[in-house]
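Student: Below is one structure. I have some questions about it.
Residue numbers (our numbering): 276 to 545.
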């Protein structure tokens with residue numbers, strides 16, 4: 276009798292262990308701090324940002340950000356939200372894109388422009404309006420990236436992943452999870468602009484242009500129509516992407532020209 280009981284106990288134990296091993300969501304642990312550092316190391320080497328300090332912040336809100344273009348941070352909430360290293364690679368290369376494309380410097384320039392405008396408004400209409408505009412200019416760099424900058428960083432991320440043999444769909448999957456996550460802090464860093472359908476559509480088309488056979492976690496590749504990438508007037512073909520790789524130098528030059536044109540226009544209007 277005791278032998279039968281022992282056999283039953285052993286069988287139940289084996290069954291329980293099998294469930295723990297093979298049940299979805301339990302067989303694979305969330306990303307660890309070691310995983311995060313290893314993924315950042317790969318991104319840093321690929322983007323020549325190895326001197327940027329990398330840190331992990333204890334915070335439940337899923338987020339990641341690059342500070343002043345000089346350090347990269349991810350929260351433990353993001354590591355809990357994501358499941359794969361390819362998703363984290365997509366997020367971290369997105370942040371690297373902000374640094375490589377000089378987004379912080381461009382944001383500061385816009386803030387300075389608003390502060391200059393505030394001075395002019397003060398002379399024309401009085402201090403109240405001037406103080407408001409100056410406050411906007413001073414805080415612009417801390418309010419998150421513009422939608423245009425977020426899309427540029429998205430493109431940078433998927434092109435880098437494709438070039439380095441990583442899965443470009445990782446960023447799409449990460450954004451999809453972020454869009455469904457209920458934990459939202461102040462808009463900043465990676466969650467500056469929660470991914471809407473337009474951003475996801477653009478990202479999906481960008482990935483499909485690199486890999487027409489790409490599969491997405493929501494099955495959205497079925498019936499997807501690739502949109503041709505628009506070219507600016509006078510811009511040579513393949514300025515942003517060359518043979519599946521991201522042309523960083525060309526992208527930076529393009530943005531410098533755009534910023535120079537904005538500064539010139541502001542000087543003419545002042």
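No residue lacks a Cβ here, since even glycine has one placed at the ideal position from N, Cα and C.
Is the Cβ-Cβ distance between residue 367 and residue 306 less than 8 angstroms?
Tutor: Translated into the one-based positions of the chain shown, residue 367 becomes position 92. Translated into the one-based positions of the chain shown, residue 306 becomes position 31. Not closer than 8 angstroms, so no.
Student: State whether the region 421-429 contacts the region 329-336, with contact taken as three or more CB pairs (one from each stretch) at a distance under 8 angstroms.
Tutor: The region 421-429 is not in contact with the region 329-336.
Student: Spatial neighbours of residue 323 within its chain, please: CB distance less than 7 angstroms, with the 5 preceding and 5 following residues excluded, ordered by chain position.
Tutor: Taking the first residue of the chain shown as 1, we reach residue 323 at position 48. Answer for residue 323: no residue qualifies.
Student: Residues in its own chain within less than 7 angstroms of residue 414 by CB, not counting five upstream and five downstream?
Tutor: Taking the first residue of the chain shown as position 1, residue 414 is located at position 139. For residue 414, the pLDDT reaches just 45, beneath the cut-off of 50, and the residue's location in the model is therefore unreliable, leaving the point undetermined.
Student: Mapping the DSSP letters down to three states, classify residue 438 as helix, strand or coil.
Tutor: Here the question's residue 438 lines up with position 163 in the chain shown. If DSSP states are grouped into helix, strand and coil, residue 438 belongs with the helices.
Student: Does residue 315 come out as helix, strand or coil in the three-state DSSP assignment?
Tutor: Along the chain shown, read from residue 1 onward, the residue named residue 315 stands at position 40. Reduced to three states, the DSSP call for residue 315 is helix.
Student: Going by DSSP, which residues form a beta bridge with residue 340?
Tutor: Within the chain shown, the letter at position 65 stands for residue 340. According to DSSP, which records beta bridges pairwise, residue 340 is partnered with 348.
Student: Taking the beta carbon of residue 443 as the centre, do at least 16 other beta carbons fall within 10 Å, making it buried, or is it exposed?
Tutor: Numbered from its first residue, the chain shown carries residue 443 at position 168. The residue in question, residue 443, is buried, as its Cβ has 16 or more Cβ neighbours within 10 Å.
Student: Assuming residue 492 and residue 448 make a contact with CB atoms under 8 angstroms, what is their CB distance in whole Å?
Tutor: What you label residue 492 is simply residue 217 of the chain shown in a count that begins at 1. What you label residue 448 is simply residue 173 of the chain shown in a count that begins at 1. About 5 angstroms separates the two Cβ atoms, so the contact holds.
Student: Mind checking whether residue 365 and residue 445 have CB atoms under 8 angstroms apart?
Tutor: For this step, residue 365 is matched to residue 90 along the chain shown. For this step, residue 445 is matched to residue 170 along the chain shown. Their beta carbons are under 8 angstroms apart, which means residue 365 touches residue 445 by this criterion.
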